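Have a look at the structure below before the remarks.
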Amino acid sequence: MRPAGLPRELRLRLAGDFAALRTSSGRLGGRCFHLRYRPNGLPHARLGLAISKRASKLAVERNRLKRLLRESFRRVRDRLPPVDVVVMAREQAVHLSGVELLAEADALWRRLAAIRPEPAEPAPDATPRH
RNA sequence: GGAGUCGGCCGGACAGUCGCGUCGCACGCGAGUGCGUCGAGGAAAGUCCGGGCUCCACAGGGCAGAGUGCCAGGUAACGCCUGGGCGGUGCGAACCGACGGCCAGUGCAACAGAAAGCAAACCGCCGAUGGCCCGCAAGGGCACAGGUAAGGGUGAAACGGUGCGGUAAGAGCGCACCGCGCGCGGGGCCAACGCCGCGUGGCACGGUAAACCCCACUCGGAGCAAGACCAAAUAGGGGAACGAUAACGCGGCCCGCGUUGUUCCCGGGUAGGUUGCUGGAGCCAGGCGGCGACGCCUGGCCGAGAGGAAUGACUGUCGCGCCGCAAGGCGUACAGAACCCGGCUUAUAGGCCGACUCCACCC
RNA sequence: UGGGAGAUCGUCUAACGGUAGGACAACAGACUCUGACUCUGUUUAUCUAGGUUCGAAUCCUAGUCUCCCAG
């Protein structure tokens with residue numbers, strides 16, 4: 133796997149993964165992003181995005197946020213601990229330019245990398261909650 | 001040169017690095033890797049209409065309900081488009097218009113006003129005729145019966161307009177012209193219409209149907225989470241109700257058609273994959289028919305198909321706009337496909353092309 | 001995706017097509033030594049743009065926003 137790539141395996145795609153993050157996870161808050169994380173027992177980090185209509189009513193704005201976050205995650209993912217992380221956008225995010233948002237995301241990645249994950253709790257069973 | 005109207009079109013370009021998705025090829029046991037290919041819009045938007053497609057019955061009958069509403073044409077269809085008529089706005093090019101029917105019925109019209117509708121008469125005018133009074137009489141007076149709708153005033157709206165005659169005063173009461181209604185003929189795509197001609201009626205049939213309603217036409221219901229296939233799993237558990245004059249499919253109701261147990265509560269279980277999924281009322285060029293919307297023929301082309309959801313990030317050069325003497329700086333719209341089309345509506349920096357109108361000046 | 005409902009003073013709500021009313025709140029005054037209560041008065045609104053009508057919160061069309069329902 134190319135080190136700077138972002139294949140689909142590195143994305144959170146199941147509702148159960150999101151549900152697990154909602155119930156038990158650590159949190160970090162930034163000016164325009166909010167993220168939650170938990171160890172996943174895999175050799176790499178995984179990214180999930182939750183950009184709601186609260187962040188912006190325009191689909192083109194929400195797509196821009198998601199693409200910028202994916203790009204940012206792609207560049208730093210091999211320096212991150214093996215956690216699942218879901219990023220939520222706040223309402224102020226849409227008013228910022230691309231470079232400002234990337235800087236904002238980088239600050240969060242650094243804070244996430246600084247946190248030493250607690251020693252390997254067992255991998256979350258993928259049973260989806262109803 | 002300035003101001004404007006209509007129609008059509010574009011809505012950044014090129015290069016490099018990293019990255020994502022579809023498809024094809026190659027390598028690899030496999031995970032995957034490499035190369036190539038294609039990868040948002042004119043509105044993809046709002047979801048306001050119309051269709052295709054799928055299932056329910058082959059989409060059937062009636063009632064109810066909803067929509068449309070000058071005429072003709074275009075179209076798969078439409079509430080869309082084109083042409084024409086009528087009305088309105090503008091000097092004009094042009095633009096705008098739910099624009100059928102209140103002599104089928106019912107209703108409404110605040111305030112004002114005499115009166116708001118099968119007409120009536122407040123102020124006014126008259127009082128010829130009848131009545132009363134004065135007078136010998138001629139005649140005069142009163143305004144009781146009565147006549148009148150010309151004038152005043154109210155209102156959004158009050159039963160044609162102007163002129164002449166006529167009269168007691170008046171009045172389509174009569175006449176002329178204008179307007180209006182009806183009929184016939186011509187014109188108009190056998191139409192709307194009322195452009196022209198002829199005849200006829202003294203002449204209201206008031207307004208309102210985006211009031212109920214009437215008339216004409218259209219509409220069966222649901223929606224790609226439609227629907228189809230594959231695999232896996234579970235238990236045909238307990239209770240209650242209805243019962244073939246029943247229940248469900250089926251949706252407001254009835255008929256009709258189809259199926260055979262159906263429904264509710266408690267408890268338990270499953271909701272994984274494939275397909276539908278993009279070649280179509282498709283796009284481009286040329287020719288022909290038509291005022292036009294559009295149609296027909298010939299040739300060429302293939303241009304997204306995701307599924308926690310790809311089409312991105314950065315750098316450089318150029319273009320365009322604004323600021324600045326300059327170096328340079330800033331900006332570069334509205335906005336992101338989700339079954340697919342045809343429309344409508346709304347948003348949109350800047351720019352290009354064509355046709356036409358008005359004003360000013362020059363030849 | 002489909003279907004339905006709504007928008008009226010700062011807030012909650014009324015109003016056959018005919019001067020948009022009430023309650024709470026705010027402000028001013030009265031009562032009181034002061035405050036509260038009470039009384040009186042005042043201010044403030046029809047989501048936006050068009051249309052129908054003599055006249056529109058009401059009827060119609062388009063838009064904006066909010067809420068609800070089904071899957």
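Here our numbering = 1-based position in the first sequence + 132. Built from N, CA and C at the ideal position, the CB exists for glycine as well. Computed from a predicted model, the values in this text were never measured in an experiment.
Counting other Cβ atoms within 10 Å of its Cβ, D210 stays below 16 and is therefore classed as exposed. For D238, there is no enclosing beta strand (DSSP E); the residue is found in the alpha helix (DSSP H) stretching over 230-246. Look at the segment 195-231 and you find these whole runs of beta strand (DSSP E), each 3 residues long or longer: 215-221. Three or more Cβ pairs closer than 8 Å define a contact, and the segment 232-240 meets that threshold against the segment 192-206. Contact check for N172 and P214: beta-carbon distance about 6 Å, within the 8 Å limit, so the pair qualifies. Residue range 178-182 is occupied by the beta strand (DSSP E) that includes L179.
The C-beta separation of R168 from L153 comes to about 5 Å, placing the pair in contact by the 8 Å criterion.
A straight line joining the alpha-carbon of R242 with that of V208 spans about 9 Å. Counting other Cβ atoms within 10 Å of its Cβ, V217 reaches 16 or more and is therefore classed as buried.
Listed in chain order, the non-local C-beta contacts of D149 below 7 Å within the same chain comprise G180, D216, local neighbours out to five positions each way being set aside. Sequence-distant partners of R159 (beyond 5 residues in either direction) whose C-beta falls short of 6 Å from its own C-beta, in its chain, are R168. If you draw a 10 Å sphere on the C-beta of V192, you find fewer than 16 other C-beta atoms in it, and that means exposed.
Counting every other CB atom within 10 Å of its CB across the protein chains shown gives A187 a total of 16 or more, marking it as buried.
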